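One structure is given below, encoded as structure tokens.
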Amino acid sequence: MRIAAIWMVLVLGTGPYVVDNALAGGEVYRWVDENGVVHFGDQPDAKAKANAEVVQIQTTPAGSAETPTADTPAAENASDSAQPSYVQTLREERAARRREAAEREKAIAGDCKRSREVVSQLEPSPRVIVRREDGTVTRLDDNERVKALDEARNFIADNCEK
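For the sequence shown, the residue numbers in the working numbering are 122 to 283.
So, in structure tokens, the structure goes:
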């Protein structure tokens, strides 16, 4: 029983150091798949073998507080990959779609407001005087007034909330 306890202490106590040293001695490959996802492994992917690169790993002892500096390869790799990640690209696309949707809603809200103003001006009065683009002032006949009123009402019914 005592021998088993000593054996477990030795195995569990030295296990992390053995694993750490084994990882430090091996090669780690980095590759990007067709979806833009970065993968790491001890063997390169069969499809991405031509594009796989060996990553240099610097390990420090467990108690060390050393941090990587700008002259280490890990820091150089981080600065070289200024290209946005796949997830970041998706976030930016989603934000762009939201901005476009907000702009469309704002434009439709402005058009709804103008259409409601047209209805409020044309509906109560059979005599409507308008200023044309060329600067002339004319009176709308009843057919033109009804047509403009119907167009404004249809726009409101199709595009505006009640």
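Built from N, CA and C at the ideal position, the CB exists for glycine as well. Since we're looking at a predicted model, the values are computed, not measured.
Membership of THR210 in the alpha helix (DSSP H) is indicated by the continuous run 207-243. In this structure, the CA atom of ARG252 is about 34 Å from the CA atom of ALA222. Taking all protein chains in view, the Cβ of ALA273 is crowded by 16 or more other Cβ atoms within 10 Å, so the residue is classified as buried.
Between the C-alpha atoms of GLN164 and ALA217 there is a straight-line separation of about 38 Å. Under the three-state reduction of DSSP, GLU265 is assigned to helix. Nearest to ASP263 by alpha-carbon distance, out of ALA278, ASP255, PRO245, is PRO245. The residues CYS233, in chain order, have a CB closer than 6 Å to that of CYS281 in the same chain once the five nearest residues on each side in sequence are set aside. In the structure shown, the three-state DSSP call for ARG253 is coil. When GLU174, ALA167, VAL158 are compared, the shortest CA-CA separation from VAL149 is found for GLU174.
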